[in-house]
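Undergrad:
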Amino acid sequence: MNPSLIEVVGTGLFAVAVAHTFLTKYFEHLAHLQPNHAGIWHLLGEVEVVFGFWAFVLLIFLAVAGGVDAPTAYLESLNFTEPAFVFVIMVVAASRPILDLARVSARALARYMPLNDSVAFYFVCLSVLPLVGSFITEPAAMTLAALMLRDNFYAKGISHKLKYVTLGALFVNVSIGGTLTHFAAPPVLMVAAKWNWDTWYMLGHFGWKAAIAVFVNAGIVTFLFAKELKALQVDAHTSDRTVPWMLIIAHVAFLAGIVFFAHHPIVFVGLFLLFLGVAEGYRHYHDRLMLREGLLVGFFLAGLVTLGALQQWWLQDVLAGMDSTALYFGATALTAITDNAALTYLGSLVEGTDAAFKYSLVAGAVTGGGLTVIANAPNPAGFAILRGHFDDEAINPLGLFVTALPATLVAVLAFQLL
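Sequential numbering from 10 applies to the sequence shown in our numbering.
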């Protein structure tokens, strides 16, 4: 290891940003205690702002150390396609036509389950929707699942314990649930082309194990909180579709086109602008678009890219020095403090690796994807949608970590023993 000054500073700021994410609830609490300075505390308490804030500190350092052109040159060397895609897919997936379709489909599935309506609908939201992320991408699945859980369960005053357990299971299930295909999960996407992994390979080596873990996680949580869920009276036999089918079909076409061109920002941004025009033309069939929430999530991920790009000097060497078993558990742990897509990308740069190394790297990366908000790209989207129903409108990162651990252990058993 022979890091440059910029890499050392970048790593230091990255560590500060990670620590900051664990303090956001404390800053929100300060905002209530000190209303005269609530603005600055609310800013520091916005988890979506954390990495972007410290990324700007890095850019200021680059300008001081290397001149005014240095920050621009550095930013232009990075790839911000993923933050832009997550923003776009989050807004489209959260539109009322798409949400109506997801709600009608989920309730249709729940009706045929031999369970109480509320229990069955909760189970579908926590299991089927994360697996659908393998086809509509994980950020879209996270958006739909979080919105449906928010409107049907969180908004009805569920217990503090159920809020956190649901969040932990959701984050883990979305992270592993996108591995049925080669294009939906960011950590898989980073390596699929280089390692020639197609959907059949993913399904045979990862997908079926992930599906078992997803259903087990959802089943355990549903069983443990069945009594509380039954009291909520969610009716799976009513259809609350409020949008014409032709408009729903049009929005599905937008969603499919954006997913298909996920690697081409010029195309998917163009489709998004056309979507905005349609949404404006049919505004009476739309609620408020989630532009603010989507932009904040995109800002968070852009900051993560900006700071994460300077971690290669130590992270790649750490990954290269592990055997397959150590790599699996090491990747699971490292994912909690860095984006799992960045982790698999850096691992793919290691030369001379075998099939066991590749499997362990990706399996570990998706296994740990629910432990923290920064572990997986879709997590900030779920965070932004659900946090308003937690105390002080802030989610305790330690609470998320603890409640995600059981679901993570189920994923460990699935990927290591099956």
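Ideal Cβ positions, reconstructed from N, Cα and C, are used throughout, including at glycine.
Since the structure is predicted, the reported quantities are computational estimates derived from the model, not experimental observations.
Rounded to the nearest angstrom, how far is the Cβ of T315 from that of A150, given a contact under 8 Å?
TA: In the sequence shown, the residue the question calls residue 315 occupies position 306. In the sequence shown, the residue the question calls residue 150 occupies position 141. With 8 Å as the limit, T315 and A150 do not qualify as a contact, their Cβ atoms being about 26 Å apart.
Undergrad: With 16 other CB atoms within 10 Å as the buried threshold, where does H46 fall?
TA: The sequence position of residue 46 within the sequence shown is 37, counting from 1. H46 is exposed by the Cβ-count criterion.
Undergrad: Spatial neighbours of A8 within its chain, please: C-beta separation below 7 Å, excluding the five flanking residues on both sides.
TA: Outside the shown range of the chain, which is 10 to 427, sits residue 8, and nothing can be said about it.
Undergrad: Do L328 and G356 have their beta-carbon atoms positioned less than 8 Å apart in this structure?
TA: Against the sequence shown, residue 356 aligns to sequence position 347. Against the sequence shown, residue 328 aligns to sequence position 319. Going by C-beta atoms, G356 is nearer than 8 Å to L328.
Undergrad: Throw me the rounded Cβ distance for the A178 and A416 pair, which I believe falls under 8 Å.
TA: For this step, residue 178 is matched to residue 169 along the sequence shown. For this step, residue 416 is matched to residue 407 along the sequence shown. Indeed they touch by this definition, with Cβ atoms about 5 Å apart.
Undergrad: I want to know whether the region 120-129 touches the region 299-319 - three or more CB-CB distances under 8 Å.
TA: Touching, no, given that fewer than three Cβ pairs across the two stretches are closer than 8 Å.
Undergrad: How far does the alpha helix (DSSP H) with N405 in it reach, from first residue to last?
TA: The sequence position of residue 405 within the sequence shown is 396, counting from 1. Where N405 is concerned, there is no enclosing alpha helix (DSSP H), given that its DSSP letter is neither H nor E.
Undergrad: Please tell me whether L135 and N182 are closer than 8 Å, where the distance is taken between their beta carbons.
TA: Here the question's residue 135 lines up with position 126 in the sequence shown. Here the question's residue 182 lines up with position 173 in the sequence shown. Yes, they are a contact pair.
Undergrad: Pick from E360, P196, Y35, G216: whose alpha carbon is nearest that of L407?
TA: Sequence index remark: in the sequence shown, residue 407 carries index 398 (1-based). Here the closest residue by C-alpha is Y35.
Undergrad: How would you write the range of the alpha helix (DSSP H) that E85 sits in, first residue to last?
TA: The residue you call residue 85 lines up with position 76 of the sequence shown. 78-85 is the span of the alpha helix (DSSP H), which, as asked, contains E85.
Undergrad: Secondary structure at W50, three-state DSSP: helix, strand or coil?
TA: Within the sequence shown, the letter at position 41 stands for residue 50. Residue state, collapsed to three classes: helix.
Undergrad: Measure the beta-carbon distance from G317 to F89 and round it to whole angstroms, keeping in mind my assumption that it falls under 8 Å.
TA: Position 308 of the sequence shown holds residue 317. Position 80 of the sequence shown holds residue 89. Wrong, their Cβ atoms sit about 12 Å apart, outside the cutoff.
Undergrad: If contacts are defined as beta-carbon pairs under 8 Å, then V252 and T412 qualify, I think. What distance do you get, rounded to the angstrom?
TA: The sequence position of residue 252 within the sequence shown is 243, counting from 1. The sequence position of residue 412 within the sequence shown is 403, counting from 1. That pair is no contact at about 35 Å.
Undergrad: Buried or exposed: where does M99 fall if 16 or more other Cβ atoms within 10 Å of its Cβ makes it buried?
TA: On the sequence shown, residue 99 is found 90 positions in, with the first residue counted as 1. The residue is buried, with at least 16 neighbouring Cβ atoms inside 10 Å.
Undergrad: Give the range of the alpha helix (DSSP H) segment to which E57 is assigned.
TA: Mapped onto the sequence shown, residue 57 falls at position 48. Taken as a continuous stretch (DSSP letters only), the alpha helix (DSSP H) holding E57 covers 56-75.
Undergrad: Excluding the five sequence neighbours on either side, which residues of its own chain have a C-beta within less than 7 Å of the C-beta of A342, listed in chain order?
TA: What you label residue 342 is simply residue 333 of the sequence shown in a count that begins at 1. Closer than 7 Å at Cβ, skipping near neighbours: G377.
Undergrad: Would you say G455 and L280 are within 8 Å of each other, going by their C-beta atoms?
TA: Any property of residue 455 remains undetermined from this structure, which presents the chain solely from 10 to 427.
Undergrad: So, with DSSP's three-state summary, where would you put H273?
TA: Within the sequence shown, numbered from 1, the residue matching residue 273 stands at position 264. The answer is coil: DSSP assigns H273 none of H, G, I, E or B.
Undergrad: How long is the line joining the alpha carbons of H191 and M211, rounded to whole angstroms?
TA: Within the sequence shown, residue 191 is the residue found at index 182, counting from 1. Within the sequence shown, residue 211 is the residue found at index 202, counting from 1. Distance between the alpha carbons of H191 and M211: 6 Å.
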